[in-house]
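**Student:**
There are 4 protein chains.
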Amino acid sequence: MARKTMVKCPDRKGVIAALAQLLYGLGCNILASEQFTAAEGVYFQRIRFDLSDIVVGTANVSVLERAVSEVADRFGMEWKLFYDNKVKRVAILVSRMDHCLYDILIRHRAGELRCEIPIIISNHPDLEGVAASFGVPFRCLPLAKGSGPEGKAAQEAQVEALLQEMDIDLLVLARYMQIFSEDFCSRHAKHTINIHHSFLPAFEGAKPYHRAYERGVKVIGATAHYATSELDAGPIIEQDVTRISHRDSVQDMIRKGRDLERLVLARALRAVLSDCVMVYDNRTVVFEA
Amino acid sequence: MARKTMVKCPDRKGVIAALAQLLYGLGCNILASEQFTAAEGVYFQRIRFDLSDIVVGTANVSVLERAVSEVADRFGMEWKLFYDNKVKRVAILVSRMDHCLYDILIRHRAGELRCEIPIIISNHPDLEGVAASFGVPFRCLPLAKGSGPEGKAAQEAQVEALLQEMDIDLLVLARYMQIFSEDFCSRHAKHTINIHHSFLPAFEGAKPYHRAYERGVKVIGATAHYATSELDAGPIIEQDVTRISHRDSVQDMIRKGRDLERLVLARALRAVLSDCVMVYDNRTVVFEA
Amino acid sequence: MARKTMVKCPDRKGVIAALAQLLYGLGCNILASEQFTAAEGVYFQRIRFDLSDIVVGTANVSVLERAVSEVADRFGMEWKLFYDNKVKRVAILVSRMDHCLYDILIRHRAGELRCEIPIIISNHPDLEGVAASFGVPFRCLPLAKGSGPEGKAAQEAQVEALLQEMDIDLLVLARYMQIFSEDFCSRHAKHTINIHHSFLPAFEGAKPYHRAYERGVKVIGATAHYATSELDAGPIIEQDVTRISHRDSVQDMIRKGRDLERLVLARALRAVLSDCVMVYDNRTVVFEA
Amino acid sequence: MARKTMVKCPDRKGVIAALAQLLYGLGCNILASEQFTAAEGVYFQRIRFDLSDIVVGTANVSVLERAVSEVADRFGMEWKLFYDNKVKRVAILVSRMDHCLYDILIRHRAGELRCEIPIIISNHPDLEGVAASFGVPFRCLPLAKGSGPEGKAAQEAQVEALLQEMDIDLLVLARYMQIFSEDFCSRHAKHTINIHHSFLPAFEGAKPYHRAYERGVKVIGATAHYATSELDAGPIIEQDVTRISHRDSVQDMIRKGRDLERLVLARALRAVLSDCVMVYDNRTVVFEA
């Protein structure tokens, strides 16, 4: 069974050897290893290894974790172990637009995304049929009209409760058109992915295609990022753009942008689900899967 | 001999027919015609036509211009005639970086850019050798160190005088690292192209690659635009981007960006030299060559 | 109501004026016009015009058609009129892969593709559920196992009958893994679009991703083309590619290729449905929508 | 001082640990390490390490080489050590087109390409001035007109002699329009890079842009590959493409292709000069620099 570990520490001699030796000593075969030293002198490594032959059961996992922990202490290392037998549980949050939702569900069914999707949450009932056609539970948690800040807080509490109940590991805001409270965002910052329909940091906030049209840009983009309490300012995981011309109206941009949004979100989601993404200084290291 | 006319007017019935009929009546063969109606109800057209068979000499040009003018009055049309026998005179302004300059000179020699380049102007002597190897006159107009605003104004006046003397139609700021005065910019806004090393409107102003690194973007870009008095806010002619990853340092971005900058500037310059670019509402219509 | 006409003729003086004048004389407002003269001296034009104000009913359509026909005779012109009130009827042919089918159905529902989809035809029952979730009739016409050439001919005859019965204007082979007979292909060559999973002419025929892997290419591609009786050799409508690296296995290519295939097919389909595509010399002219 | 080692062996447990331990034991700091296991069960690794602190001089290099050799024997490993203090000597071969030559020389001067360029060889005198403007020796070795196969063999012998005399490590065919003999190709196959102006395997051989035009493709490409005795069939190092439309004539393709050719060749050359490229089964593994 494959395991992955991701480590981060100051760049020092011997780190690679120590980790390689440790895993070899425990009988683990390293399947893949990728490392990166940032300009700031920080060292990152992701190792995928197999311990199926030798050690079995949780007892041995604790041996492994203790061994890594010891090396970590020596090198001032932050580390995390990921277990492939623990599949992430993903909640998708949507509003009315279906393109990103369809895209994730189709890829999931095709085996591109290694996760469970136990719930789709929306503030509108529109996409219930899409969820149903893929056999995924759908829960509509609407914002009562004119309910003001209190109504918003109440709805957010319902979302929070549902996430707890469902034991969710990862939130995907697949064109969810509501802004969560700072509190909610902080609590979920490390495991919430949002897709924004511009090449950030251009056109943060609302109506980016309208503003792109007004500015007369010749490319439009999409950005998948971790959602933090600061709007559209979280660590960027993936971006892409497509060319447009003066012939493209705002409506054309919205249409062309849909293709971008779903591709960019899907790539980011796949990277996160494969435990390939590390965050530092509001930036990401995205290792190859 | 080919001529081009570009027109702009409110979108009204019969415009196309009127212009086509006019040119046909004068014996001009339409070689190419491209039109576009903006969402705001404004109509743009570019016609390339040949009057070589029938009318010869400037007398006939005035007949043509009078005829267009009459149609223009009828439709509330702005128009401009371009004559292929009048080749544009381009001044290239550079500082110390040679990649855009080389690119323009190589393309010019290869026949990609239909223009004359009577002068290269710089505030530094570094690129004199490059100019010399292509046989283009080079003029160094340095900013005296510590000369303050007065020194800057004096240098700008020298640039201005040189542009007048050389009868320049188009200024290309090929990584010219000086900012001109508002007055200078306004005077030359319609015929000055700048290359900015980011995908505007992201990272306007100084050190865009450093700021791109800090923001952790996954694409970097370049933007060719008309330089107006508002810094990096003029009408965008052409943009493109390239992917980067967490592995790319600021130095890598600068290196990869050089390829983008020269490609984007070259495409914009070619479009402008072919009289394919019209400006409205701080946006451009870029017809195909 | 908008109409479109597409014409093709030898490049001669006065064509544009004649057509513009004709439409203006009939009270039709030209909404868009695009033209192109090929290197071989052939002239192509697409005009989109509105005759809603003035002429009403089929009687006037015949006036229009007679007028165009007269001009056509004068210039040796081939022409075709398209009527926006006649929406094309599209049959989608699939086998077992769902990604292109989903993509078309989602875009159709979103209003991106102006057509009716009265039938989805397959040689396998697998995608019946997808069709059902979009409310589109599905018909499984399987190839009896071991039935040989006769079985194949029988199945093809069933497909043909169904197309006739459904009054189909356009066939879309959305990863339909059967090859039709030369006879069938010839009969439908002008209105059958296929998506091939390589950047043709590289890797014509079967298993292009496997062969791309073996050749060690650094890009993979997809090609939408008119299906003719010569396999994968028909006029190309649209192509695109994506980068790969040595890390990409055949399975990775297949996964990444799915995104390409659906994007390329969708763009081609949209162009064809908008009457933007003309064929000559086994090449296409693709006007902008 | 940095060293690099590239290894290739059957994929077996403990390889990574053994190499990491070996280098650590010799006091070498691993600066970067990248590995890859091909679908065929072959393991590749590239390690960049620093031995400046501890071991000095060639004596210690032999200790290092012996140590690597021992590990290599154990794992059935092929290996090669690269020394950063040994800068590669590159010969550029050109005919009449200057765009790739200029590009390499400009990048070299800008510090993008870590190599020496002691000689530019051509069968035509045209580019002598370009070479001179960068201070690089130029040698014209023309093919006597009508000299037939013997003349060709004689010229090739001159090229061969010059390469020997100049102690050349790498040949770059920067649009060198001559085909070398099978014998010459075999001798230099592992260190000759060619740029071909199509997305191979499409349009191998002569006049690819003309054939691309005839086939009506919507993208054109360029391919940098190791030149082997089989024309345009060697291992591909880098490829890229650019979109074209029906409006692009062969001349337009040639113009747009120039930009592709120089970019693709430059990327391939940089990868090879950084010792990032390994060949197996006529494919390449291209590690990141």
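Residue numbers (full-length UniProt numbering), protein chains in the order written: chain A, 1 to 289; chain B, 1 to 289; chain C, 1 to 289; chain D, 1 to 289.
Every residue gets a Cβ at the ideal spot worked out from N, C-alpha and C, and that includes glycine.
May I ask you to report which of helix, strand or coil DSSP gives A/F75?
**Tutor:** For the purposes of this step, residue 75 of chain A is identified with residue 75 of the first sequence, where counting begins at 1. DSSP places A/F75 in helix when its eight states are reduced to three.
**Student:** Could you list which residues in chain A have their beta carbon closer than 7 Å to that of D/S274, in chain order?
**Tutor:** As a working note, residue 274 of chain D is residue 274 in the fourth sequence. Residues of chain A passing the Cβ test: none, with the nearest at roughly 16 Å.
**Student:** Can you give me the start and stop residues for the alpha helix (DSSP H) that D/P208 sits inside?
**Tutor:** Position 208 of the fourth sequence, counted from the start, is the residue given in the question as residue 208 of chain D. Run containing D/P208: 208 to 215, per the alpha helix (DSSP H) assignment.
**Student:** Out of A/G216, A/A38, A/V68, A/N123, state which residue places its alpha-carbon closest to the alpha-carbon of B/G286.
**Tutor:** Stepping through the second sequence from its first residue, residue 286 of chain B is reached at position 286. In the sequence as displayed, the identity of residue 286 of chain B is Val instead of Gly. Answer by Cα proximity: A/G216.
**Student:** Closer than 7 Å by beta-carbon distance: list the chain B residues that pair up with D/L263, in chain order.
**Tutor:** Looking up residue 263 of chain D in the fourth sequence gives position 263. Here the neighbours are D259.
**Student:** Quick check: the Cα distance between A/E112 and C/D50, rounded to an integer number of angstroms?
**Tutor:** Here residue 112 of chain A refers to the residue found at position 112 when the first sequence is read from its first residue. Here residue 50 of chain C refers to the residue found at position 50 when the third sequence is read from its first residue. Roughly 47 Å between the two C-alpha positions.
**Student:** For A/H188, which residues in the same chain have their Cβ closer than 7 Å to its Cβ, ignoring the five residues on either side in sequence?
**Tutor:** As a position in the first sequence, residue 188 of chain A is number 188, starting the count at 1. L171, listed in sequence order.
**Student:** Sorted by chain position, which residues of the same chain lie with C-beta nearer than 7 Å to A/Y102's C-beta, five sequence neighbours on each side aside?
**Tutor:** In the first sequence, counting from the first residue as 1, residue 102 of chain A sits at position 102. Cβ neighbours of A/Y102 beyond the five flanking positions: V130.
**Student:** Report buried or exposed for residue 363 of chain A, applying the criterion of at least 16 other Cβ atoms within 10 angstroms of its Cβ.
**Tutor:** Missing from the structure shown is residue 363 of chain A; chain A here goes from 1 to 289 and no further.
**Student:** Apart from the five residues on each side of it in sequence, which residues of its chain come closer than 7 Å, Cβ to Cβ, to A/R12?
**Tutor:** Mapped onto the first sequence, residue 12 of chain A falls at position 12. Contacts found: F75.
**Student:** Judging by CA-CA distance, which residue of B/H99, B/R109, B/S62 is the nearest neighbour of B/D126?
**Tutor:** Working through the second sequence from its first residue, we reach residue 126 of chain B at position 126. The shortest C-alpha separation from B/D126 is found at B/H99.
**Student:** Any idea if B/V264 is buried or exposed, counting beta-carbon neighbours within 10 angstroms, 16 or more meaning buried?
**Tutor:** Here residue 264 of chain B is taken as the residue at index 264 of the second sequence, counted from 1. So B/V264 ends up on the buried side.
**Student:** Taking only runs that begin and end inside the region 234 to 288 of chain C, name each unbroken alpha helix (DSSP H) of 4 or more residues, in chain order.
**Tutor:** If we require 4 residues or more, the alpha helix (DSSP H) runs fully inside the region 234 to 288 of chain C come out as 250 to 273.
**Student:** So, using beta-carbon positions, are C/F236 and C/V277 closer together than 8 Å?
**Tutor:** Position 236 of the third sequence, counted from the start, is the residue given in the question as residue 236 of chain C. Position 277 of the third sequence, counted from the start, is the residue given in the question as residue 277 of chain C. Before going on, a small fix: residue 236 of chain C reads as Ile here, not Phe. No, Cβ-Cβ distance for C/I236 and C/V277 is not below 8 Å.
**Student:** Residues of the region 220 to 240 of chain A with a CB closer than 7 Å to any CB of chain C: list them in chain order, please.
**Tutor:** Here the close residues number zero.
**Student:** Can you tell me which of B/I106, B/S133, B/M6 puts its alpha carbon nearest to the alpha carbon of B/F44?
**Tutor:** Translated into positions along the second sequence, residue 44 of chain B becomes position 44. B/F44 has its Cα closest to that of B/M6, out of B/I106, B/S133, B/M6.
**Student:** Please report how far the alpha carbon of B/A32 lies from the alpha carbon of C/Q35, in whole angstroms.
**Tutor:** Here residue 32 of chain B refers to the residue found at position 32 when the second sequence is read from its first residue. Here residue 35 of chain C refers to the residue found at position 35 when the third sequence is read from its first residue. Between B/A32 and C/Q35, the C-alpha separation is close to 7 Å.
**Student:** Quick check: the Cα distance between B/F134 and C/G205, rounded to an integer number of angstroms?
**Tutor:** Here residue 134 of chain B corresponds to residue number 134 of the second sequence, with the count starting at 1. Here residue 205 of chain C corresponds to residue number 205 of the third sequence, with the count starting at 1. Straight-line Cα distance between these residues: approximately 50 Å.
**Student:** I need the boundaries of the beta strand (DSSP E) containing A/Y226, first residue and last residue.
**Tutor:** To locate residue 226 of chain A, count along the first sequence from 1; it is residue 226. Here the beta strand (DSSP E) through A/Y226 covers 219 to 226.
**Student:** Could you work out which residues of chain B lie near A/P201, taking near to mean beta carbons separated by less than 7 Å?
**Tutor:** Taking the first sequence and counting its residues from 1, one reaches residue 201 of chain A at position 201. Within chain B, the residues near A/P201 are A202, R215.
**Student:** Between which two residues does the beta strand (DSSP E) containing D/A32 stretch?
**Tutor:** Start at 1 with the first residue of the fourth sequence, and residue 32 of chain D comes out as number 32. Element bounds for D/A32: 29 to 37.
**Student:** Nearest-angstrom Cα distance between C/R247 and D/A38?
**Tutor:** On the third sequence, residue 247 of chain C is found 247 positions in, with the first residue counted as 1. On the fourth sequence, residue 38 of chain D is found 38 positions in, with the first residue counted as 1. Looking at the two C-alpha atoms, the distance is approximately 7 Å.
**Student:** Determine the DSSP secondary structure at B/M6, reduced to helix, strand or coil.
**Tutor:** Within the second sequence, numbered from 1, the residue matching residue 6 of chain B stands at position 6. Strand, per DSSP.
**Student:** So, for C/A91: in the same chain, excluding its five sequence neighbours on each side, which residues have a beta-carbon less than 8 Å away from its beta-carbon?
**Tutor:** One-based indexing of the third sequence puts residue 91 of chain C at position 91. Excluding residues within five positions, the ones whose Cβ falls inside 8 Å are I117, P118, I119, I120, I121, L162, L163, M166, I168, L170, L171, V172.
**Student:** Write down every uninterrupted run of the beta strand (DSSP E) in the region 133 to 189 of chain C whose length is 3 residues or greater and which is fully enclosed by it, in chain order.
**Tutor:** Listed in chain order, they are 138 to 140, 170 to 173.
**Student:** Within the 8 Å Cβ cut-off, does A/S33 reach chain C?
**Tutor:** Translated into the one-based positions of the first sequence, residue 33 of chain A becomes position 33. Output row for A/S33: interface = no.
**Student:** Using DSSP with H/G/I as helix, E/B as strand and the rest coil, what is B/N60?
**Tutor:** Counted from its first residue, the second sequence places residue 60 of chain B at position 60. Three-state DSSP puts B/N60 in a helix.
**Student:** How is the alpha helix (DSSP H) around B/V15 delimited, first residue to last?
**Tutor:** Here the question's residue 15 of chain B lines up with position 15 in the second sequence. It spans 15 to 25 - the alpha helix (DSSP H) in which B/V15 sits, taken as one unbroken run.
**Student:** What is the residue span of the beta strand (DSSP E) that C/L93 lies within?
**Tutor:** Mapped onto the third sequence, residue 93 of chain C falls at position 93. Counting along the chain, the beta strand (DSSP E) containing C/L93 begins and ends at 89 to 94.
**Student:** Give the residues of chain C in contact with D/H246, contact being defined as C-beta atoms less than 8 Å apart.
**Tutor:** To locate residue 246 of chain D, count along the fourth sequence from 1; it is residue 246. F36, A38, R283, T284, V285, V286, listed in chain order.
**Student:** Would you call B/P201 buried or exposed, if buried means 16 or more other Cβ atoms sit within 10 Å of its Cβ?
**Tutor:** Counted from its first residue, the second sequence places residue 201 of chain B at position 201. Result: buried.
**Student:** Please state whether the Cβ-Cβ distance between C/E78 and C/C9 is less than 8 Å.
**Tutor:** Here residue 78 of chain C refers to the residue found at position 78 of the third sequence. Here residue 9 of chain C refers to the residue found at position 9 of the third sequence. Cβ atoms of C/E78 and C/C9: closer than 8 Å.
**Student:** Closer than 7 Å by beta-carbon distance: list the chain B residues that pair up with residue 327 of chain C, in chain order.
**Tutor:** It is not possible to answer for residue 327 of chain C, since the shown part of chain C is limited to 1 through 289.
**Student:** Please report the straight-line C-alpha distance between A/K86 and A/A2, rounded to a whole angstrom.
**Tutor:** Locating residue 86 of chain A in the first sequence gives position 86, counting from the first residue. Locating residue 2 of chain A in the first sequence gives position 2, counting from the first residue. Whole-angstrom Cα-Cα distance: 11 Å.
**Student:** So for B/R46, helix, strand or coil by DSSP?
**Tutor:** Counted from its first residue, the second sequence places residue 46 of chain B at position 46. Correct three-state label for B/R46: strand.
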